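A quick write-up on the structure given underneath.
Protein chains: 2
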Amino acid sequence: MSLTGDHRTEPARPAERGTGAEPVAPPVRRGRRGGGRSDRPAATIGRVAEAAGVSRATVSRVMNGSPTVAPELAARVRAAAEALQYEPSLVARSLALGRTSTVSLIVPDLANPMFQDVLRGLSNAAATHGHRLLVAESNENVAEEAILAVEARRRSDGLVLASPRVPEAELRALSERLAPLVLLNRDLPGSTVPSLSVDYSAGIAAIVAHLRSLGHRRLLYLAGPAASTSNRDRRAALHAACATEPVCTLAELACGATFEDGHAAARTVRDTDATAVVAFNDMVAFGALSGLHELGVVVPRDVSVTGFDDIPFARYTTPPLTTASIPRNELGRQAWDRLWTLMNGGSAGHNVAFQPRLLVRESTGPVPADGPDPAERS
Amino acid sequence: MSLTGDHRTEPARPAERGTGAEPVAPPVRRGRRGGGRSDRPAATIGRVAEAAGVSRATVSRVMNGSPTVAPELAARVRAAAEALQYEPSLVARSLALGRTSTVSLIVPDLANPMFQDVLRGLSNAAATHGHRLLVAESNENVAEEAILAVEARRRSDGLVLASPRVPEAELRALSERLAPLVLLNRDLPGSTVPSLSVDYSAGIAAIVAHLRSLGHRRLLYLAGPAASTSNRDRRAALHAACATEPVCTLAELACGATFEDGHAAARTVRDTDATAVVAFNDMVAFGALSGLHELGVVVPRDVSVTGFDDIPFARYTTPPLTTASIPRNELGRQAWDRLWTLMNGGSAGHNVAFQPRLLVRESTGPVPADGPDPAERS
DNA sequence: TTGAAAGCGCTAACAG
DNA sequence: CTGTTAGCGCTTTCAA
Chain G
4 MSLTGDHRTE PARPAERGTG AEPVAPPVRR GRRGGGRSDR PAATIGRVAE
54 AAGVSRATVS RVMNGSPTVA PELAARVRAA AEALQYEPSL VARSLALGRT
104 STVSLIVPDL ANPMFQDVLR GLSNAAATHG HRLLVAESNE NVAEEAILAV
154 EARRRSDGLV LASPRVPEAE LRALSERLAP LVLLNRDLPG STVPSLSVDY
204 SAGIAAIVAH LRSLGHRRLL YLAGPAASTS NRDRRAALHA ACATEPVCTL
254 AELACGATFE DGHAAARTVR DTDATAVVAF NDMVAFGALS GLHELGVVVP
304 RDVSVTGFDD IPFARYTTPP LTTASIPRNE LGRQAWDRLW TLMNGGSAGH
354 NVAFQPRLLV RESTGPVPAD GPDPAERS
Chain P
4 MSLTGDHRTE PARPAERGTG AEPVAPPVRR GRRGGGRSDR PAATIGRVAE
54 AAGVSRATVS RVMNGSPTVA PELAARVRAA AEALQYEPSL VARSLALGRT
104 STVSLIVPDL ANPMFQDVLR GLSNAAATHG HRLLVAESNE NVAEEAILAV
154 EARRRSDGLV LASPRVPEAE LRALSERLAP LVLLNRDLPG STVPSLSVDY
204 SAGIAAIVAH LRSLGHRRLL YLAGPAASTS NRDRRAALHA ACATEPVCTL
254 AELACGATFE DGHAAARTVR DTDATAVVAF NDMVAFGALS GLHELGVVVP
304 RDVSVTGFDD IPFARYTTPP LTTASIPRNE LGRQAWDRLW TLMNGGSAGH
354 NVAFQPRLLV RESTGPVPAD GPDPAERS
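Following this line, the structure appears as structure tokens:
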């Protein structure tokens with residue numbers, strides 16, 4: 004062994020290895036991408052360990068608040084971390100830990116107040132347990148939805164699917180890969196996937212019962228979008244409710260989901276013999292209210308109008324809207340509870356269906372005594 | 004150097020390493036947590052490689068659509084992946100790649116329509132580029148906000164801070180660690196952080212100009228929450244606008260941000276000598292409209308009312324509300340553009356301030372000819 | 001075209 | 001109480 008040769012390299016080696024740091028010849032370092040404008044190397048646990056003169060394990064322990072570290076060491080580590088502006092990589096941490104502390108939510112439409120509130124409820128509840136929320140919007144696109152769900156799930160520890168549009172068979176197939184999974188406004192009969200829903204039927208039934216108690220026998224449904232499942236639910240419930248009442252007549256008008264849709268329906272509403280209008284949702288009801296007003300039809304004297312959802316404005320329309328309120332935030336909150344249980348190895352528990360609460364305001368009243376009713380029936 | 008010492012370790016290694024697969028004695032496997040109910044091992048790239056009889060590198064290539072793989076091999080790999088229900092771990096991928104394909108958004112309040120729309124705009128724009136969105140709500144909590152921001156940023160490749168409440172000094176300090184960062188409705192003079200904002204002053208100025216052109220000289224401001232920066236902005240702009248008009252009188256009433264707040268202010272509005280009311284936002288204006296109506300005050304005959312924001316309902320109030328519209332979605336969309344540019348090493352570009360658009364509807368009209376105006380002034 | 005090997009940054013079981 | 005070591009699952013030179 005040549006003296007000079009060994010001198011330069013050898014003695015150094017053991018020492019360096021001892022630190023558990025830099026190999027002799029730093030191997031090809033892949034360039035860091037991203038990182039924005041500031042191109043400093045970004046502190047790693049290794050660098051902090053080096054600076055503090057301890058092992059990476061110790062740094063890890065300190066960063067995670069392990070009590071089994073000598074105070075002086077801990078202090079040194081913290082100082083080094085501070086100095087280097089060290090921020091543990093959550094990605095690396097997730098990989099090592101096998102969990103991300105993140106859950107995902109897929110919604111069909113972020114513009115829908117229902118989903119906005121679910122999002123909020125879920126986000127807050129998750130935050131309470133130190134978890135973050137990833138959101139994705141499927142834009143009502145079925146194909147997209149499945150893809151998004153799988154991808155979102157892979158980035159997180161659990162998934163909430165709000166009003167998924169995918170066909171049952173596909174959902175069933177997906178449900179395994181997506182677990183832990185919670186379904187909102189959709190159930191999967193026979194599966195163990197927890198499902199929280201709003202019982203639209205009950206809401207509609209309550210509305211119909213209310214109208215009937217006021218003497219209404221001829222109803223008109225302002226239907227929502229044909230593709231909407233909640234429209235299907237509400238429509239079916241309406242038909243069911245009327246079917247059980249022999250003397251109840253139900254007409255239907257294809258309408259939509261917006262104020263304009265309801266507004267445009269006003270003329271038809273006026274020309275029909277219905278004494279009460281059941282609108283798909285509050286917006287439609289509101290539009291109808293507005294259109295009827297313009298036509299000189301007085302609500303509820305001439306015709307009663309009901310909405311659904313109890314959006315914040317429902318109480319401020321003229322007249323204030325009789326509608327069914329649904330616990331939107333609560334849905335998100337409870338979704339978290341279920342998900343959290345699942346993530347901790349618990350089991351699904353019983354599914355629940357939230358019962359809408361009927362809010363009787365001033366857009367409904369007794370059936371007009373002198374309406375076209377008798378004339379038409381004779 | 005002891006022989007045995009070297010013996011124990013040296014010979015075994017190379018063989019094991021050679022296969023690149025299973026060590027002789029499978030080492031302690033840490034139990035997989037999470038994973039929901041289904042406790043199958045979860046396919047990894049290694050298992051797929053094994054099943055397909057290729058190396059992990061090849062599997063990786065196939066999964067990423069590299070064209071340099073023999074068709075037959077690729078097919079085998081795909082088959083194996085399919086059979087094992089293999090889903091590449093995005094966490095591992097992120098770690099290896101150094102990027103997460105995720106960006107974060109921090110908002111003070113998810114219930115605020117402004118932020119809901121920003122969220123939507125940002126989410127959609129990000130999705131266009133294959134990125135996901137992480138959301139967090141600070142609940143108007145300044146301390147929380149900074150923590151959330153740092154944490155969210157560490158989980159993603161970039162951050163959008165909407166209307167951050169943190170003090171300037173702290174924001175300035177944070178801005179480096181948070182890069183790539185885009186600010187919404189907040190700027191950081193002298194920094195390179197891109198900032199997109201709504202020019203509330205311009206909106207207020209437009210409203211005042213409109214009112215003045217109708218002859219109004221005595222205005223009443225229904226102020227928003229004291230803590231709200233947008234209230235401060237709007238208020239300041241209002242004072243400034245009135246200051247330049249010597250004959251303009253500005254009164255102010257502490258009000259709030261909700262319908263109820265505006266509603267409660269109606270009586271005071273009636274009893275004041277102001278001919279026009281500038282409300283903090285549309286909700287307050289709407290409440291005032293409603294309250295005034297109940298008091299028999301006719302808008303705009305007796306008094307004009309303006310809102311701010313152009314919420315969806317503004318056009319449906321009675322009378323429809325004159326207000327200033329702001330491009331909420333656009334803010335999110337452009338935030339993405341800036342962020343994306345930054346993430347790709349581009350530079351910030353010029354900050355922009357979106358000018359609200361004045362929407363003149365029917366809640367404003369000429370100053371009452373026979374109002375209390377002359378009487379009061381004499 | 002394919003595989004071996006060296007990471008990415010962090011955690012944790014196991015010795016000392 | 002601290003360090004060593006072996007992963008977590010994927011990507012990417014570099015050689016063959």
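First to last, the sequence lines map onto chains G and P. Counting along the first sequence from 1, when you hit position 133 you're at 136 in my numbering, and nothing is skipped either side. Counting along the second sequence from 1, when you hit position 191 you're at 194 in my numbering, and nothing is skipped either side. C-beta atoms are modelled at their ideal positions from N, C-alpha and C, and glycine is treated no differently. This structure is a prediction, so every number in the text was calculated from the model and none was measured.
Fill in: beta strand (DSSP E) segment containing residue 224 (chain P), residue limits
221 to 226
Worksheet item: What residues from chain G crowd round residue 98 (chain P), counting only those whose CB sits closer than 7 angstroms?
Response: 94, 95, 98
Worksheet item: Sorted by chain position, which residues of the same chain lie with C-beta nearer than 7 angstroms to residue 157 (chain P)'s C-beta, five sequence neighbours on each side aside?
Response: none
Worksheet item: Who are the Cβ neighbours of residue 371 (chain G) in its own chain at under 8 angstroms, not counting the five residues just before and after it?
Response: Counting only Cβ-Cβ distances below 8 angstroms, and skipping sequence neighbours, we find 278, 304, 305, 306.
Item to complete: Would you list, in chain order, the members of the segment 117 to 140 of chain P that have their beta-carbon closer than 9 angstroms to a beta-carbon of chain G?
Response: The segment 117 to 140 of chain P vs chain G, Cβ under 9 angstroms: 119, 120, 122, 123, 126, 127, 130, 135, 136, 137, 138, 139, 140.
Discussion item. Can you tell me which residues form a DSSP beta bridge with residue 355 (chain G)?
Written reply: G:199
Worksheet entry | Rounded C-alpha distance that separates residue 274 (chain P) from residue 299 (chain P) | 13 angstroms
Fill in: Separation of residue 95 (chain G) from residue 328 (chain P), as counted between CA atoms
So the two alpha carbons sit approximately 44 angstroms from each other.
Worksheet item: Leaving out the 5 sequence neighbours to the left and right, which residues in its chain are closer than 8 angstroms to residue 122 (chain P) when beta-carbon positions are compared?
Response: 108, 110, 113, 136, 138, 335
Worksheet item: By Cβ distance below 6 angstroms, which residues in the same chain neighbour residue 209 (chain G) in space, the five residues on each side in sequence not counted?
Response: 361
Fill in: Short CB-CB distance (under 8 angstroms) between residue 90 (chain G) and chain P
At least one chain P Cβ lies under 8 angstroms of residue 90 (chain G).
Item to complete: State whether the segment 98 to 106 of chain P contacts the segment 42 to 62 of chain P, with contact taken as three or more CB pairs (one from each stretch) at a distance under 8 angstroms.
Response: With a cut-off of 8 angstroms on Cβ pairs, the segment 98 to 106 of chain P is not in contact with the segment 42 to 62 of chain P, counting fewer than three such pairs.
Item to complete: Could you tell me the distance, in whole angstroms, from the CA atom of residue 117 (chain P) to the CA atom of residue 63 (chain P)?
Response: 42 angstroms
Worksheet entry | Contact residues within the segment 316 to 327 of chain P, judged by C-beta distance below 7 angstroms to chain G | Those would be 316, 319, 321, in chain order.
Discussion item. So, for residue 318 (chain P): in the same chain, excluding its five sequence neighbours on each side, which residues have a beta-carbon less than 6 angstroms away from its beta-carbon?
Written reply: none
Worksheet item: For residue 93 (chain G), which option in G:240, G:159, G:141, G:82 has the closest C-alpha, if you only look at C-alpha atoms?
Response: G:159
Worksheet item: Does the beta carbon of residue 283 (chain G) come closer than 8 angstroms to any beta carbon on chain P?
Response: no
Fill in: Residues near residue 128 (chain P) by beta carbon distance below 6 angstroms, same chain, minus five either side
336, 339
Practice prompt. Just grab the DSSP bridge partners of residue 383 (chain G) for me.
Written response: The structure shown does not extend to residue 383 (chain G), since chain G spans only 4 to 381, so no value can be given for it.
Discussion item. Please report the distance separating the alpha-carbon of residue 106 (chain P) from that of residue 104 (chain G).
Written reply: 16 angstroms
Discussion item. Using only the alpha-carbon positions, how far apart do residue 182 (chain G) and residue 192 (chain G) sit?
Written reply: 16 angstroms
Worksheet entry | Beta-carbon neighbours of residue 64 (chain P), restricted to chain G and to distances below 8 angstroms | Near residue 64 (chain P) there are no residues of chain G at all, since even the closest Cβ is about 17 angstroms away, more than 8 angstroms.
Worksheet entry | residue 260 (chain G), DSSP secondary structure in three states | coil
Item to complete: Enumerate in chain order the residues of its own chain whose CB-to-CB distance from residue 376 (chain G) is below 6 angstroms, with the five nearest sequence positions on each side excluded.
Response: With a pLDDT of only 45 at residue 376 (chain G), under 50, the local geometry of the prediction cannot be trusted, and no value is derived from it.
Worksheet item: Name the DSSP beta bridge partners of residue 75 (chain P), please?
Response: Its beta-bridge partners do not exist; DSSP assigns none.
Discussion item. By DSSP's criteria, residue 328 (chain P) is part of a beta bridge. Which residues make up the other side?
Written reply: Answer is P:312, P:360, bridged to residue 328 (chain P).
Worksheet item: Does the beta-carbon of residue 353 (chain G) have 16 or more other beta-carbons within 10 angstroms, so that it is buried, or is it exposed?
Response: exposed
Worksheet item: Quick one: Cα of residue 187 (chain G) to Cα of residue 355 (chain G), how far?
Response: 10 angstroms
Discussion item. Just to confirm the assignment: which complete beta strand (DSSP E) runs, minimum length 3, are found wholly within the segment 266 to 292 of chain G?
Written reply: Taking only runs of at least 3 residues, the beta strand (DSSP E) segments lying wholly in the segment 266 to 292 of chain G are 279 to 282.
Item to complete: Compare the beta carbon distance of residue 226 (chain G) and residue 238 (chain G) with 8 angstroms and say whether it is the shorter of the two.
Response: yes
Worksheet item: Does the beta-carbon of residue 242 (chain P) have 16 or more other beta-carbons within 10 angstroms, so that it is buried, or is it exposed?
Response: exposed
Discussion item. Only counting the same chain, and skipping five residues up and downstream in sequence, which positions put a Cβ closer than 6 angstroms to that of residue 165 (chain P)?
Written reply: 110, 118, 121, 187
Practice prompt. Return helix, strand or coil for residue 58 (chain P), following the three-state DSSP convention.
Written response: coil
Discussion item. Please list, in chain order, the chain P residues whose beta carbon lies closer than 8 angstroms to that of residue 280 (chain G).
Written reply: Result: empty, since nearest Cβ-Cβ is about 18 angstroms, beyond 8 angstroms.
Fill in: Reduced DSSP secondary structure (H/G/I, E/B, other) of residue 384 (chain P)
What the structure shows of chain P is the stretch from 4 to 381, and residue 384 (chain P) is not part of that stretch, so it cannot be assessed.
Item to complete: Could you tell me whether the Cβ of residue 341 (chain P) comes closer than 8 angstroms to any Cβ of chain G?
Response: Taking Cβ atoms only, chain G never reaches closer than 8 angstroms to residue 341 (chain P), which makes this a no.
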